[in-house]
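One structure is given here, and the rest of the page talks about it.
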Amino acid sequence: MPKLYGWVREVVPESPADHAGLQPGDLIKTINGHLIRDLVDYRFYVAEEELLIGYERQQDERSVAVAKRADENLGVLFGEEPAPFIRQCANKCVFCFIKGLPERFAPQPGLEHGMRSSLYIKDDDYRYSFLFGNFITLTNLKELDWQRLDEQKLTPLYVSVHCTNPELRRKMVDGPRAGEIIEHIKRLGDMGLTCHTQLVLCPPINDGEELERSIQELTALRPIVESISAVPVGLTKYNNMIQPSGDLPALRPYTREEAEVVIDQVEAHQRRFAAENPDGDPFVFLSDEWYYITGREFPPSEHYGLFSQIENGVGMTRFLIEQWNRTRRRLPVEMPEPRPRRITLVTGTMAQPVIEGFAQDIREQVQGIEVNVVPVINQFFGAQVTVAGLLCGQDVLETLKAQDDLGDLVLLSRVMLDNDGTRFLDDITVEEFKAQLPTRVEFVRNAQETVEVIRTLAGLPAATRGRQLVRLQSRL
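Under UniProt numbering, think of the first position of the sequence shown as 1, with each following residue one higher.
In structure tokens:
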């Protein structure tokens, strides 16, 4: 019998679950006779208005009938990860992130805590793709998985294509059925499912003519394929210049000149798609790294439509800029005495120009404040890794300790921490981090929270917090 998912951690007061008598510690085993294996099952079966919930309490099997509206939550929070058995990846992608990590148990200079263990999990799980937008290769789906996709209509999915040339994809992905990507996407379409796709480009392996082929063949699969994103390969000092198996060239990052060529190539398709589509949707998108590499201006918000691939770094910077421009009006006019108040904004080196722009806005709008932007060079993974989400706590600490004056407040991006907001990649806890610095430290998710913290420094009430907090993962 499969392990069940639904250990209840909390029951929302006055919810249908509360009125039905469910309690923390109960194990929800079935809904209307269906086993609850994971969060996907729970969300699918709990959508009904009339529920018969089978659960276990202290080894006593029970059941309860629950009536609710179709759009009403049952009101339980679970105590396990959404998918207790993560579908492991059987592929050996040439640019796999795991290859960019140090050996898991090898001692690392200056790394006292070790790396967060979850980093070493190679997931290729369609449930995570549906729930959280994780990209999968579609190479490990068994017939029962396809049946479940069809039954529960898990759409859209997020698919790592990389290239549509079957022979080349077999070399790049090096996994079971890697060359059948077009057939797999067509099968999704036969079930009424759609997907967003990504092409992780590695010079000169799958760009140029191969990129052209991939865009054209994925375009032919619209509307099954809702979008394409082109992302430059991300490498650390552990896998930079590594030689893949077979006859593929060594991995390396894009030069500025090569990135310019990719942008020009993709923009030609974007202009054509935008002209063809009534809503101006460019269909194929460039991740933000291309604009950082080349120094080109980011497209306007309208270019990104619904920001369907923002978690993949597509439009994240533009979203952040627009969010800041809307929110900065809530900044205080001045700081109280004694003046000046000083804040330090910490970021990765890639986003430094954008954060410098925000800092200048603060200086101009708030009297009696000094703002210092501190970019952190990634010593652990290598200086070519420039995003804040891949900074280790030790690197951030060493950089901040080298500053002459951190001022009254240090602001860091929440993306440096795990999902719970408690640990850095190198397992340093927030409490340990704060204890080593002589000033107030805050981690913020977005522009709204940044303004809120600055308002509290000025002695003002916090601004109203927006309900939608977009997770800026591992990018800025």
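C-beta: ideal position from N, C-alpha, C; glycine also.
These figures come from a predicted structure and were not determined experimentally.
- The Cβ-Cβ distance between Asn378 and Gly348 falls below 9 Å.
- Distances from the alpha-carbon of Pro375 to those of Ile369, Glu398, Gln365 put Glu398 closest.
- Under the three-state reduction of DSSP, Ser15 is assigned to coil, being neither helix nor strand.
- Shown here for Ser129: same chain residues with a beta carbon closer than 6 Å to its own, the five before and five after excluded, namely Ile136, Leu157, Tyr158 in chain order.
- By the neighbour-count criterion, in which 16 or more other beta carbons inside 10 Å mark a residue as buried, Glu226 falls on the buried side.
- Here the segment 291-298 makes contact with the segment 315-330; the two share three or more CB pairs at distances below 8 Å.
- With contacts defined by Cβ atoms closer than 9 Å, Ser229 and Ser287 form a contacting pair.
- Of Pro223, Asn32, Gln198, Cys93, the smallest CA-CA separation from Gly313 is found for Gln198.
- With fewer than 16 other CB atoms across the displayed protein chains lying within 10 angstroms of its CB, Asp279 is exposed.
- In the structure shown, Arg341 adopts extended strand secondary structure according to DSSP, grouped into three states.
- When the Cα atoms are used, Pro166 and Pro282 turn out to be separated by approximately 26 Å.
- Cβ contact annotation for Asn134 (same chain, cutoff 6 Å, sequence separation greater than five): Tyr128, in chain order.
- Approximately 19 Å separates the beta-carbon atoms of Val371 and Arg414; this is outside 8 Å, ruling out the contact.
- Between the alpha carbons of Ala388 and Leu235 lies a gap of roughly 15 Å.
- When the beta-carbon positions are compared, Gln265 and Glu212 come within less than 9 Å of each other.
- Counting only runs of 3 or more residues that sit fully inside the segment 217-276, the beta strand (DSSP E) segments are 225-232, in chain order.
- Checking the DSSP bridge columns, you'll see Phe285 partnered with Ser229.
- Distance from the CA of Met172 to the CA of Lys142, rounded to the nearest whole angstrom, comes to 22 Å.
- The beta carbons of Ala17 and Gly75 sit about 4 Å from each other, so the pair counts as a contact at 8 Å.
- Taken through DSSP and simplified to helix, strand or coil, Leu425 comes out as coil.
- For Gly179 and Asn140, the gap between their C-alpha atoms comes out near 12 Å.
- Apart from the 5 residues on each side of it in sequence, Lys153 sits with its Cβ closer than 8 Å to the Cβ of Met191, Gly192, Leu193 in its chain, given in chain order.
- Within the segment 370-448, the runs of beta strand (DSSP E) at least 3 residues long that lie entirely inside it are, in chain order, 409-413, 440-444.
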